[in-house]
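Heads up, the thing below is written out as structure tokens.
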């Protein structure tokens with residue numbers, strides 16, 4: 018399995034616990050090498066994950 022477990026109950030729990038993440042994920046652009054997307058309306062304060070991101074696609 019993969020994930021972070023720092024004193025969590027399950028193998029994919031983060032140290033502050035598991036659970037759903039609220040907000041929206043909008044795909045803005047797909048190319049052969051990248052995915053550009055926007056995250057908005059999240060309920061996380063720290064870190065603030067709202068914004069536009071570009072991720073490299075795996076081959």
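Residue numbers (the numbering used here): 18 to 76. Cβ atoms here follow ideal geometry from the backbone N, Cα and C, with glycine treated the same way. Computed from a prediction, not measured in an experiment: that's the story for all the values here.
Query: Between the beta-carbon of residue 43 and the beta-carbon of residue 55, is there less than 8 Å?; Result: yes
Query: Tell me the DSSP bridge mates of residue 68?; Result: 56
Query: The beta strand (DSSP E) with residue 46 in it runs from where to where?; Result: 41 to 47
Query: Once you ignore the five residues that flank residue 39 on each side, which residues in its own chain have a CB closer than 6 Å to its CB?; Result: 60
Query: Smallest Cα separation from residue 57: which of 72, 73, 68 and 74?; Result: 68
Query: Compare the C-beta of residue 72 with all C-beta atoms of chain B and state if any pair is closer than 8 Å.; Result: Absent here is chain B; the protein component of the structure consists of one chain.
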